[in-house]
Amino acid sequence: AMLVSPDQGYFVRENLKLRLLSARLSLLSRNQDTLKSDLAAADATLARYFDGASKDTQTVRELLKEVGAGSAAVALPTLDTSLKAIQQYRSRG
Numbered sequence: 001a002m003l004v005s006p007d008q009g010y011f012v013r014e015n016l017k018l019r020l021l022s023a024r025l026s027l028l029s030r031n032q033d034t035l036k037s038d039l040a041a042a043d044a045t046l047a048r049y050f051d052g053a054s055k056d057t058q059t060v061r062e063l064l065k066e067v068g069a070g071s072a073a074v075a076l077p078t079l080d081t082s083l084k085a086i087q088q089y090r091s092r093g
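In terms of the numbering used here, the sequence shown has 78 at position 78, counting the first letter as 1, and numbering is strictly consecutive.
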């Protein structure tokens with residue numbers, strides 16, 4: 001449940017959607033700084049404008065924390081494996 005008027009609620013929800021879409025793009029582009037910033041802004045919006053006692057709000061905030069924590073574990077790919085495969089191929093022939 002929202003803690004603002006219906007007119008304001010529309011803009012709060014749209015802002016939250018934009019933050020979550022931006023976070024998704026940041027995750028896909030592996031931009032950790034922007035991802036963390038967008039997740040923090042979305043969490044702050046939920047904390048400020050939504051009922052903190054609501055189970056739905058609590059669930060979404062937990063999901064945001066899980067995404068933020070899990071995204072740090074994503075390792076960027078390196079070229080080492082590809083270079084080793086090329087070297088092995090060249091050494092055979």
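Just so it is clear, CB atoms sit at the ideal spot from N, CA and C, and this is done for glycine as well.
Whole angstroms are fine: how far does the CA of residue 7 sit from the CA of residue 54?
For the purposes of this step, residue 54 is identified with residue 54 of the sequence shown, where counting begins at 1. For the purposes of this step, residue 7 is identified with residue 7 of the sequence shown, where counting begins at 1. Spanning the two alpha carbons is a distance of roughly 21 Å.
Over the uninterrupted alpha helix (DSSP H) stretch that includes residue 11, give me the two end residues.
Position 11 of the sequence shown, counted from the start, is the residue given in the question as residue 11. Taken as a continuous stretch (DSSP letters only), the alpha helix (DSSP H) holding residue 11 covers 6-28.
Using a 10 Å radius around the Cβ and a threshold of 16 neighbouring Cβ atoms, would you call residue 68 buried or exposed?
Residue mapping note: residue 68 aligns to position 68 of the sequence shown, counting from 1. Under this definition residue 68 is a buried residue.
Through-space distance from residue 21 to residue 57, alpha-carbon basis
Stepping through the sequence shown from its first residue, residue 57 is reached at position 57. Stepping through the sequence shown from its first residue, residue 21 is reached at position 21. Just so you know, the alpha carbons of residue 57 and residue 21 end up roughly 18 Å apart.
Report yes if the C-beta distance between residue 61 and residue 46 is below 9 Å; otherwise report no.
Numbered from 1 along the sequence shown, position 61 holds the residue referred to as residue 61. Numbered from 1 along the sequence shown, position 46 holds the residue referred to as residue 46. For the pair residue 61 and residue 46, the CB atoms are nearer than the 9 Å cut-off.
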